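Participant: Below is a structure I'd like to ask you about.
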Amino acid sequence: MRWVFAFLCAAALSLSSCGEAEDNVACDDDADCFDNEVCSGIEGHQAVCKLRRGEACIRPSQCESPLPCYQGFCGGHRPER
182 MRWVFAFLCA AALSLSSCGE AEDNVACDDD ADCFDNEVCS GIEGHQAVCK LRRGEACIRP
242 SQCESPLPCY QGFCGGHRPE R
């Protein structure tokens, strides 16, 4: 099963950026997260780093709320850069 995740990550963007939001790293603000992440949380719970709009994702829990993980990207598409 682990190789499937690695393959999907490599196909979507790059292996390193796919794993960044995977661990739900606790944060106090965006400076605690990677450049492609934002510090996101629900009141009363510890905030965690989540992927920004347009970043490659595997499941919705990786994306900042309320963005869906759709067609492999948070929010459904990769923005032009």
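My numbering puts the first residue of the sequence shown at 182, with every later residue one more than the last. Just so you know, even glycine gets a beta-carbon here, dropped at the ideal spot from N, CA and C. Note that this is a predicted model, so its numbers are computed, not measured.
Residues in its own chain within less than 7 Å of His226 by CB, not counting five upstream and five downstream?
Facilitator: none
Participant: Excluding sequence positions up to five away, which residues of its chain have a Cβ less than 7 Å from the Cβ of Tyr251?
Facilitator: Gly257
Participant: Is the shortest distance between the beta-carbon of Gly222 and the beta-carbons of chain C less than 9 Å?
Facilitator: Here there is only one protein chain, and chain C is not present.
Participant: Would you say Cys230 and Cys214 are within 9 Å of each other, going by their C-beta atoms?
Facilitator: yes
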